[in-house]
Structures are given as C-alpha cells and as structure tokens.
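Numbering (our numbering), first residue to last: -7 to 97.
Heads up: the structure comes next, in structure tokens.
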C-alpha cells in the first residue's frame, strides 16, 4: 500500500490590490479547483497514452488525486500546491488500483 507523501507541484501567484498582505479571497478557490481539474485531465491523457489498449481508466483514478495547499507565502499571494507522490507513480507505471483511494504499486 502506498504512503501519502507530498511533493511540491507548482506555486500559483495571485497579483493585484486585493491580494496585498498575502491574503487570498475566497472567490479564488474556484481558480484552484479549475487548476486541479486541468492537472487531472492531463494525468488522464498521460495514462491513456501509456495504455492505448485500455478503454477505461482505473477505478477511482480521479478520486485518488489529491491536490492541497497548507500555507500562503509572502508576495502578493502565492499558493504552493503539493500532491501525493503515489499519483505520479500510477500515471507512469500503470499501477493496479486496489480500492477507490490507494493504488497497489
């Protein structure tokens, strides 16, 4: 069973008057959701290219993708995003899923 270890993925920077003091408006969470969806769609496409003979993605593929941030950094508002390491291994190795949240690698 894989262990949840996070890695730095990207740092999103929000500039402008409303982000001074490294504050993030609640309305910006929609942008974070859209960014997550973009990453998930890219992951799906990478998996499909690696497994051209498979019709369906592994069960729980999208549900198992976790993107999170735990702080706002100095600057206007910088949101450092992290993700679970095992998701990268699933994309590149084609691991077999054992339940809806964790793959067996």
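All C-beta atoms, glycine included, are put in the ideal place defined by N, C-alpha and C.
Computed from a prediction, not measured in an experiment: that's the story for all the values here.
query, result
"For residue 32 and residue 57, believed in contact at Cβ under 8 Å, the rounded distance", "5 Å"
"Residue 23 versus residue 5: straight-line alpha-carbon distance, rounded", "11 Å"
"CB of residue 0 within 8 Å of CB of residue 72, strictly", "yes"
"C-alpha distance - residue 55 paired with residue 36, whole-angstrom precision", "12 Å"
"Per-residue DSSP class, three states only, for residue 11", "helix"
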